[in-house]
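Peer 1: Here the numbering used here is used: the first residue of the sequence shown is 19, the next is one more, and so on.
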Amino acid sequence: MSPPIDALDIIQFVIPTLHLKLGLVNAALKNFKQWIDTRIENMPADLLQARTNFIIIELKHSRSDEDMTSLKDEIADLMMQKSYIKTALKEKNFQNKFVLPTGSPERKEAHAKHKDFEQR
19 MSPPIDALDI IQFVIPTLHL KLGLVNAALK NFKQWIDTRI ENMPADLLQA
69 RTNFIIIELK HSRSDEDMTS LKDEIADLMM QKSYIKTALK EKNFQNKFVL
119 PTGSPERKEA HAKHKDFEQR
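1. Just verifying my parser: in three-state terms, what is the DSSP assignment at N44?
2. Grab me the residues of Q113's own chain with a C-beta within less than 8 Å of its C-beta, minus the 5 sequence neighbours each way, in chain order.
3. Across the segment 90-105 and the segment 119-138, are there enough close Cβ pairs to call them in contact, namely three or more that are closer than 8 Å?
4. Between W40 and Q52, what straight-line distance do the alpha-carbon atoms span, to the nearest angstrom?
5. Can you check whether the CB of F72 is closer than 8 Å to the CB of L96?
6. In the structure shown, what three-state DSSP assignment does S122 receive?
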């Protein structure tokens with residue numbers, strides 16, 4: 019005997035966009051999956067809860083990986099800025115004086131950026 023629903027795999031189902039906006043398909047799909055779990059597969063409640071917890075953990079893990087990648091990029095940018103600021107503050111001309119004179123607005127700006135970076 020063949021299964022009652024064998025014509026459409028759930029992956030091959032095309033969701034109507036308007037119904038998606040109204041939430042009709044979400045409810046139908048959720049109820050269908052719940053019916054499969056309880057009636058067809060006869061999964062116990064603790065196994066369903068374990069699967070739900072696993073999905074939540076996987077989502078948190080993928081988000082933390084994305085956050086880690088963006089933080090690494092931000093740190094690399096900040097390190098490059100720090101290097102630029104240090105170079106700008108230490109550059110000297112042929113008379114062994116700072117290229118950015120002590121009272122110049124450029125030097126004050128570079129110094130402020132350096133202080134801001136150290137506070138992070």
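For glycine and all other residues, C-beta sits at the position ideal for the given N, C-alpha and C.
Computed from a prediction, not measured in an experiment: that's the story for all the values here.
Peer 2: Looking at the coordinates:
1. Position 26 of the sequence shown, counted from the start, is the residue given in the question as residue 44. N44: helix per DSSP, three-state reduction.
2. Taking the sequence shown and counting its residues from 1, the one referred to as residue 113 is at position 95. The pLDDT assigned to Q113 is 49, lower than 50, so where the model puts this residue is not dependable; a value taken from the coordinates is nonetheless given after this. There are no such residues.
3. yes
4. For this step, residue 40 is matched to residue 22 along the sequence shown. For this step, residue 52 is matched to residue 34 along the sequence shown. As written in the sequence, residue 40 is Leu, which differs from the Trp given in the question. Their backbone Cα atoms lie some 20 Å apart in a straight line.
5. Numbered from 1 along the sequence shown, position 78 holds the residue referred to as residue 96. Numbered from 1 along the sequence shown, position 54 holds the residue referred to as residue 72. Contact flag unset, no.
6. Along the sequence shown, read from residue 1 onward, the residue named residue 122 stands at position 104. Here S122 sits in coil by DSSP.
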